[in-house]
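Below: the structure, in structure tokens.
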Amino acid sequence: MRYVCNHCNSSYEISPLRYKCDCGSPLTLQKDGSRRYVWDTSIPSLWRYREALPIPTDSEIVTLDEGMTPIIPLDRKENSEHYVKLDYLCPTGSYKDRGASVLLTRLKALGVTEVVEDSSGNAGAAIAAYSARAGIRCTIYCPESTSKGKLKQISAYGAELKLVPGNRMATTEAVQAAAENICYASHNWNPFFLEGTKTLAYEMTEQLKGSVPAHVICPVGFGSIYLGLYLGFQELHAAGIIDRLPRLLGVQPETCCPIYNAYRDKTPTLSRMRQIAPTLAEGITAELPVRGEMILDAIRFSNGAFTTVDDTDIETGMKTLAAKGIYVEPTSAVVIKGYEKFKQEGIINDGDVTVSILTGSGLKK
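Taking my numbering, I'd label the letters of the sequence shown as residues 50 to 414.
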């Protein structure tokens, strides 16, 4: 197993300080092809899919029993078409625990003793928690505007906090100097993180008894959940476990939506979109996602689509979910208006079974 660059075809050994190609592009995993697509249903976490994860068999698993979150109909009625997956019920309150568990398992096996990460909140909490579980020292860089609840959670796990003036992009730029000498446990750059988020596709396939929804909707900033879904469903399809991929639908805030812009304009690459105003969906503000080309490939390959929402849409989404007993952070609530817009645009039709991913807990605000 090695790191490979899809841009220049360079190949590297997997090492703690390597997080990108020398050409500046993100890396993917070149696997040995020996993965088995079977799972151990006696394990009540994503590690039931260990045979499909690129983790050596002798590795010590770093886990808090993340995953296996419920899928429920949004409305309590027969023949529901819209389901939600409650991934905010992971241990630290967001789906990021999936990637953190797999990534920290791999880093611990490599002998890593210290990591840095940049985050607008949820990923920082997940990396901090799983670093604590692994006995690894952790420093998290966050925007100064990050919600106090998320900052308090990160600190509670014993991680050192470094607050950065400016927006999310400034935080990413600030962490890169430290990453020259310390392992960068990045949920955006490190491909092992995507190996964790891909288990969402495995879980949905198992929970829906092999039935593939017509669509899966998720919030998208840097794209770790969107790409994880793509990777997981693609693997299941290649293995013959499912007969097709669902259409992968992404939702971005209109104040920072570079992926939507590229989708709308049918451009082959992403262009940086500077965040033009604050947004309630702070967890999905990414001016230039590092895996932009991969995301565009995933849109094309899955016949996917993107849309945007504003803060009024987000507030309405939060109220809609709360009225059904579901309490999520604003970033999660983008899927509600997103679902409505996709129906209005004729992308989702009557009778189409759709699963929306609810990514973060409302208790984090």
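Each residue gets a CB set at the ideal place from its N, CA and C atoms; glycine is no exception. All values reported here derive from a predicted model rather than from experimental measurement.
| Asked | Found |
| --- | --- |
| Are Trp-96 and Ser-150 touching if we call contact CB-CB under 9 Å? | yes |
| Is there contact between the stretch 379-399 and the stretch 328-337, where contact requires at least three CB pairs shorter than 8 Å? | yes |
| For the stretch 344-381, which segments carrying the beta strand (DSSP E) assignment without a break, of at least 3 residues, lie completely within its bounds, in sequence order? | 354-358 |
| Determine the direct distance from the alpha carbon of Tyr-132 to that of Lys-126, and round the result to whole angstroms. | 11 Å |
| Give me the Cα-Cα distance between Gly-281 and Pro-240, rounded to the nearest whole angstrom. | 13 Å |
| Among Gly-387, Glu-394, Asn-398, which residue has its Cα nearest to the Cα of Ser-405? | Gly-387 |
| Using the Cα positions of Thr-112 and Arg-296, report the straight-line distance between them to the nearest angstrom. | 30 Å |
| For Thr-77, which of helix, strand or coil comes out of DSSP? | strand |
| Within the same chain, show all residues whose beta-carbon is closer than 6 Å to that of Cys-57, passing over the 5 residues directly before and after it, in chain order. | Cys-72 |
| So Asp-124 is in the alpha helix (DSSP H); what residue range does that whole segment cover? | Neither: Asp-124 is in no alpha helix (DSSP H) and is coded neither H nor E. |
| Relative to the C-alpha of Thr-20, which residue among Leu-345, Glu-336, Ala-326, Cys-306 is closest? | What the structure shows of the chain is the stretch from 50 to 414, and residue 20 is not part of that stretch, so it cannot be assessed. |
| Using alpha carbons as the reference points, say which of Thr-328, Arg-313, Gly-142, Asp-359 lies closest to Gly-353. | Arg-313 |
| For Pro-140, which residues in the same chain have their Cβ closer than 6 Å to its Cβ, ignoring the five residues on either side in sequence? | Leu-113, Glu-115, Asp-146 |
| Using the rule of at least 16 other Cβ atoms within 10 Å of the residue's Cβ for burial, across every protein chain shown, is Lys-201 buried or exposed? | exposed |
| Where DSSP assigns a beta bridge to Glu-163, which residues make up the other side? | Arg-186 |
| Which residues share a DSSP beta bridge with Ser-194? | Beta-bridge pairing links Ser-194 to no other residue. |
| Along the alpha helix (DSSP H) that carries Lys-258, what are the first and last residues, could you check? | Unbroken run through Lys-258: none, as it is neither H nor E. |
| Near Gly-411, which residues of its chain fall below 6 Å by C-beta distance, leaving aside the five closest residues on each side in sequence? | Tyr-376, Val-377, Glu-378 |
| So, helix, strand or coil for Thr-328, using DSSP? | coil |
| Hey, Tyr-144 and Ile-274 are a contact pair by Cβ (cut 8 Å); roughly how many whole angstroms apart? | 6 Å |
| Would you mind sorting Phe-271 into buried or exposed? The rule is 16 or more other CB atoms within 10 Å of its CB. | buried |
| Based on the DSSP output, what are the partners of Pro-268 in its beta bridges? | Val-300 |
| When the Cα atoms are used, what is the spatial distance from Ile-308 to Ala-287? | 26 Å |
| Starting from the C-beta of Gly-299, find all residues in its chain whose C-beta is less than 6 Å away, skip the five residues before and the five after it, and write them out in chain order. | Val-269, Tyr-275, Phe-355 |
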